[in-house]
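Encoded as structure tokens, the structure appears first; notes follow it.
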Amino acid sequence: MEKSHDFHHPYTPYAIQETFMETVYQVLEEGKVGILESPTGTGKSLSLICGALTWLRDLKGKAFEEGLNWGQNDSNEPEWIIEQARARKRREILRQREDMETRLAKIRAKEKAQRERYLKGDQAFKRRKTEAEKGGDDDEEQFVLEDYDSDREQSSVQKGVASTGFSAATLELMNKLGLGFTNTAEEEDEVEDEIKIFYCSRTHSQLTQFINELRRPKFPPAIWDESTKDTDIEDLKHLTLGSRKNLCINPSVNKLNSLTAINERCSELQQSSTAKEHKCAFLPNKENQPLVNTFRDHALASIRDIEDMGALGKEIGICPYYASRAAIKPAEIVTLPYPLLLQKSAREALGISLKGHVVIIDEAHNLMDAISGIHGVEVSLKQLKRARTQLGVYLQKFRNRLKGKNRVYIAQAVRVIDSLVGYLEGRVAQPKADGTVSEKELLAGNGVDQINLFKLIRYLSESKLARKVESYAIYTETEATRTQPSSAPKNSQTTSTPVLHQISSLLSALTNPSKEGRLFFTKLPPSNISLSYLLLDPSTSFSEIVSECRSVILAGGTMSPFAPYYTTLFPSLPPSQITTLSCGHVIPSSNLLAWTLSRGPSGKEYNFTFSNRGDNEMIDELGRALLNICTVVPDGLVVFFPSYAYLSTILSRWGISPSPTQPSILSRLEGKKSLFKESKEASSESVLQEYAQAIDSGKGGLLLSVVGGKMSEGINFSDALGRCVLIIGLPYPNIASASIQAKMEYIETSTRVRLQGEGVERGEVEKRAKEAGRDFYENSCMRAVNQSIGRAIRHKGDYAAIVMVDVRFSGARVKGKLPGWIQQGLVEGSGEKKFGELMGSLGGFFRGKKGG
Ligand SMILES: Nc1ncnc2c1ncn2[C@@H]1O[C@H](COP(=O)(O)OP(=O)(O)OP(=O)(O)O)[C@@H](O)[C@H]1O
Ligand code: SF4
């Protein structure tokens with residue numbers, strides 16, 4: 053592709069970055085969808101930033117000029133009058149821009165001093181503590197539900213509740229503040245919704261990395277006047293959004309440890325009809341509007357991550373969660389985590405409209421799973437039983453104090469839970485480990501089919517029943533501990549998401565069209581069982597995003613094969629509307645040694661299929677290979693196993709000494725390098741720190757981790773931290789599991805329907821449908837492998853060896869699903885070569901790198 057724009061890249065861009073930025077620019081310019089891959093460590097973040105923001109500033113500049121260009125003068129006014137009016141308008145727009153820039157510049161200048169003041173003691177914030185923040189009342193009255201009548205006419209505010217998930221009182225309040233959904237057109241018009249980029253990634257830590265990159269490039273202003281003394285750069289107007297869990301600054305609320313608890317407590321405080329001091333002091337209102345404006349300007353004046361936003365809210369004394377909304381419209385780039393963008397209710401709650409804007413989704417290789425995850429629900433038999441007991445106790449205590457329809461709905465909730473419990477108890481007794489569940493079986497309990505699920509769901513989400521019941525249970529347990537100190541406190545203090553909420557989500561899922569998802573039961577040995585809902589078709593929820601915004605870009609380290617995205621996420625778009633790009637790596641080919649290893653030092657074949665995994669000889673052979681490899685690989689070596697369970701099987705085997713005089717494989721490995729192991733329970737941070745120290749100390753480190761585990765995404769093993777990566781086996785999902793079967797079946801069926809619609813011949817339809825199911829299965833394994841492989845090479849000067857241990861890696865299908873740059877670096881015929889040849893190659897590779 054020819055270079056045609058200056059992208060203001062802060063470094064000399066790599067050739068692949070030039071192509072990437074051009075592609076981003078074209079996709080946005082033409083309002084298309086882009087699926088773009090660039091190996092991790094090749095500066096994808098900067099390519100996205102520079103491509104998209106250069107386009108945005110260009111677009112704004114063009115819109116400005118076009119806005120002044122009124123075409124043919126077909127009025128009867130003389131030309132000089134038109135010219136004057138044009139000049140006046142130009143001056144007006146420039147003046148507005150300058151006003152804003154001057155305001156923001158002043159803030160930037162003051163910010164340093166303000167930060168120092170904040171660091172000194174935060175006194176202003178402390179003074180704001182009110183009675184409400186010190187925690188709720190202790191009397192039982194707080195657990196009683198308010199009057200409830202589901203049948204009354206829905207007011208306009210209540211209508212908003214249904215679609216937003218916000219309580220009526222919150223909506224009313226937000227509307228009063230001009231933050232809500234029922235604003236009048238005039239109010240909406242006050243601030244122009246500047247065309248912007250919504251960038252989302254999976255987690256806040258990934259967003260923080262992106263935000264750090266956002267600080268690097270400097271862009272010229274979109275509009276300027278030769279006559280004014282404009283600087284040649286204009287700072288980006290960026291805003292990062294988070295949930296109340298990230299941003300709540302009220303200590304009595306943010307101490308609660310679940311998002312639902314914080315959300316509910318916040319709206320409870322807002323609804324509190326009692327004294328003003330019971331409300332949250334940080335909530336924006338008419339009186340503190342100037343603080344909201346100050347917050348908005350500070351948020352836009354410099355590039356901040358989520359922690360900075362919390363600190364800013366504290367410093368100014370205004371809730372950053374609510375005050376952020378004021379900064380959305382004037383922002384140029386808004387960064388937010390997946391759930392806030394992908395869930396309609398979250399977008400609406402934040403007041404985000406995607407209409408006409410650009411959406412960039414990074415780390416998009418997991419997008420389909422992420423959408424399913426966000427819309428999935430799981431609840432276990434034990435949780436259901438606990439919820440049932442709590443509800444019984446609650447009803448007994450408050451029966452006579454409950455007004456309106458409360459009693460009716462609580463009784464319905466009890467009947468539904470009984471029905472779910474009855475179903476699962478029946479399943480526990482049967483031998484099958486998992487399977488699909490039909491809605492009919494599930495709701496077969498006494499009179500359950502008479503219940504209007506929609507009304508019950510609405511009640512559960514509006515009434516706060518879940519939180520009241522849960523907090524009453526905690527209250528009674530705490531009381532019991534106080535009066536009988538010997539009775540040990542139960543698991544109560546952990547206020548995670550109340551089970552009733554999950555039950556309500558499960559019921560909502562039951563009301564989805566049945567082709568979109570499935571219900572499953574899965575046994576959880578030894579005695580538990582769970583009920584879960586899995587969304588099979590992510591396109592329905594994603595299509596709204598696609599149709600609303602101007603362009604969508606999916607970006608990731610490994611996005612190929614692209615076909616599944618076409619069919620699962622954009623089924624109704626013609627292929628001509630989708631641009632794909634696959635970039636190679638930036639390293640020279642001499643910096644990568646890729647090898648598929650089929651046999652160990654004594655010639656034993658590696659074939660880590662599920663049924664072979666117990667083969668102790670193969671495990672020992674793997675240990676011997678690793679011992680050898682450790683002797684030639686300098687510094688850090690990372691090994692990825694297919695699962696935590698298999699890692700622990702291997703470690704037990706390697707821990708056994710062959711004879712009293714011979715050391716075990718494990719202790720021999722420890723003699724070569726310091727050994728570290730990823731664990732499901734422990735945090736990865738301390739393990740990584742010690743691993744890095746071992747490498748620094750010169751002893752070298754051997755890190756045993758798991759594909760798809762904590763170390764396989766977002767953690768980089770650059771330079772000495774990862775000179776070699778070993779992948780053991782292929783981590784295919786369990787093909788016998790009911791959820792994998794259902795997904796494959798769903799993909800086969802939808803492919804069949806699509807191909808039949810295209811008039812494809814019957815035999816061919818069947819063949820291609822089966823192929824699509826198989827592809828899905830293989831791709832979910834290979835995506836995980838590719839993520840792990842990509843961790844070791846992080847920049848142009850980095851080098852590493854990648855050894856894939858399993859005979860199946862030599863098959864054409866598997867090889868074909870490796871990233872292009874690894875396929876190119878793969879030593880030809882390595883799968884057939886002897887172990888000694890690998891050792892020779894590794895030795896040569898690392899000797900060649902010594903000293904630079
Ligand atoms: N052309 C360049 N020259 C030098 N350094 C660069 C260049 N482009 C980007 N970088 C730097 O390289 C580092 C790695 O980039 P970055 O983390 O964006 O890679 P990435 O491809 O986004 O990786 P990941 O897929 O893990 O997010 C960053 O610190 C970035 O500033
Ligand atoms: S208004 Fe903001 S600070 Fe107050 S409780 Fe709600 S989220 Fe927390």
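The numbering of the sequence shown is the working numbering, which starts it at 53 and goes up by one. Heads up, the beta-carbon is just placed ideally off N, CA and C, and yes, glycines get one too. The model shown is predicted, which means the values in this text are computed figures rather than measured ones.
Using CA coordinates, which residue listed in the options is at the minimum distance from residue i?
i    : options                : result
S704 : P686, A677, G666       : G666
S405 : H417, I413, D414, L392 : L392
A313 : G896, G608, L517       : L517
K158 : I285, H350, I380       : H350
N498 : L778, P590, L472       : L472
E367 : E163, K567, A378       : E163
Q464 : S591, V411, H427, S556 : S556
E733 : S749, G750, P712, Y696 : Y696
R519 : I380, G892, Q442, P710 : Q442
L894 : C776, R843, I841       : C776
F262 : S513, R356, L299, E244 : R356
S245 : S304, N306, K407       : Correcting the residue type first, residue 245 is Asp in the shown sequence and not Ser. Selected option, being the one with the closest Cα: K407.
R826 : K901, V866, A363, H847 : V866
G842 : G781, S791, G608, Q629 : G608
R846 : D771, G761, S862       : D771
R651 : T64, A561, V859, L394  : V859
H417 : L494, R459, I605       : I605
P578 : K434, P627, E669, A864 : K434
K331 : V431, V305, M670       : V305
P336 : K114, T713, N302, L311 : N302
H256 : F828, P550, D414       : D414
Quickly, what does DSSP pair residue i with across the bridge? List them, please.
i    : result
T387 : Y251, T292
V604 : V85, V411
S582 : S432, T574
D486 : T574
L689 : L754, C776
I630 : V85
F728 : L755
W647 : V855
L587 : G569
E657 : R651
L878 : A646
S711 : Q714
Is the beta carbon of residue i less than 7 Å from the beta carbon of residue j?
i    : j    : result
S700 : G707 : no
L576 : V857 : no
G83  : R602 : yes
L436 : I469 : yes
W647 : P91  : no
T610 : N838 : yes
V690 : L755 : yes
E568 : T592 : yes
F116 : I275 : yes
M763 : E737 : no
R676 : P653 : yes
V480 : I581 : yes
E89  : S634 : yes
Q395 : I426 : yes
V431 : L583 : yes
C102 : H57  : no
Would the C-beta of residue i count as close to ligand 4, meaning under 6 Å from any of its heavy atoms?
i   : result
S97 : Among the ligands modelled here, namely ligand 1 and ligand 2, ligand 4 does not occur.
Would the region 266-276 and the region 96-105 be scored as touching if the rule is three or more Cβ pairs under 8 Å? yes
Hey, which residues come within less than 6 Å of ligand 2, measuring from Cβ to any heavy atom, in chain order? Chain-ordered list of matching residues: R296, C300, I301, N302, V305, C318, L321, C332, F334, L335, C371, Y373, Y374.
Does the pairing of the region 712-729 with the region 654-669 give three or more beta-carbon distances under 8 Å? no
Assess contact between the region 345-364 and the region 284-301, defined as three or more Cβ pairs (one per stretch) separated by less than 8 Å. Is contact present? The region 345-364 is in contact with the region 284-301.
Report yes or no: do the region 670-688 and the region 864-880 share at least 3 C-beta pairs separated by less than 8 Å? Result no; under three Cβ-Cβ pairs closer than 8 Å.
Answer yes if the region 296-307 comes into contact with the region 129-142, meaning at least three C-beta pairs across the two stretches below 8 Å, and no otherwise. no
Assess contact between the region 807-827 and the region 738-754, defined as three or more Cβ pairs (one per stretch) separated by less than 8 Å. Is contact present? no
Would you call the region 411-428 and the region 452-464 in contact, with 3 or more CB pairs under 8 Å? By the Cβ test, the region 411-428 is not in contact with the region 452-464, since fewer than three Cβ pairs between them sit closer than 8 Å.
For the pair the region 771-790 and the region 806-819, tell me if three or more CB-CB distances fall below 8 Å. The region 771-790 and the region 806-819 do not touch, with fewer than 3 CB-CB distances between them shorter than 8 Å.
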